[in-house]
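Read in this note's numbering, the sequence shown has 121 at position 62, and its numbers run on one by one without any break.
Yeah, the Cβ is synthetic: ideal placement off N, Cα and C, and Gly gets one too.
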Amino acid sequence: MPLTRNFKDTVKARAERDSEFRFGLFREAIEALLSDDLETGKVLLRDYVNATMGFKALAAEIDKSPKSLMRMLSDKGNPRADNLLGMIGHLKRREGAAISVTKSADGLHV
C-alpha cells in the first residue's frame, strides 16, 4: 500500500505541534553522537533541522552557508567539532533545552 503523505511532511507536522516529539528528535541525535555513532547522529540532526526550522533559516542564524550545513550533515560529511558543537549549541538554546548526560547500566542518556 503506497504512503499517502510524504514521510518528511508527516515528521515536520508532528514536530510543529508536539514539542516532546521535536525535542525527542534532538535528544536522539545527541545520544547517537555521544555513543560514537556519528553517522546516525548526523542523520537524526538533519531530520531535526528539516522538521523544525530548515537549513536556510539555521544558516542565517549562525552565519553559515546552507549548503555547508547540509554537506556537514550529509552521509559523506565530516564536520569539524567546532562547527558541529556550535550548531548543536545554537539549536539547544533555540529549543530552550538544558542537556545533561547521565550514566546508567545500559549506557549514557541525554
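Judged by DSSP secondary structure, K126 falls within the alpha helix (DSSP H) whose first and last residues are 125–131. Pairing L144 with R105 gives a Cβ-Cβ distance that is not under 8 Å. Here F82 really is in contact with E154; their C-beta atoms are around 6 Å apart, less than 8 Å. Pairing V160 with K151, the inter-Cα distance amounts to about 14 Å. Uninterrupted alpha helix (DSSP H) stretches at least 4 residues long and entirely within the stretch 72–112 occur at 78–93, 97–110, given in chain order. Going by C-alpha positions, G113 is about 12 Å away from E75. Under the DSSP assignment, K162 falls in the beta strand (DSSP E) whose first and last residues are 161–163. Membership of A118 in the alpha helix (DSSP H) is indicated by the continuous run 114–121. Its Cα nearest to that of A118, the residue M146 stands out among A88, M146, F66, V70.
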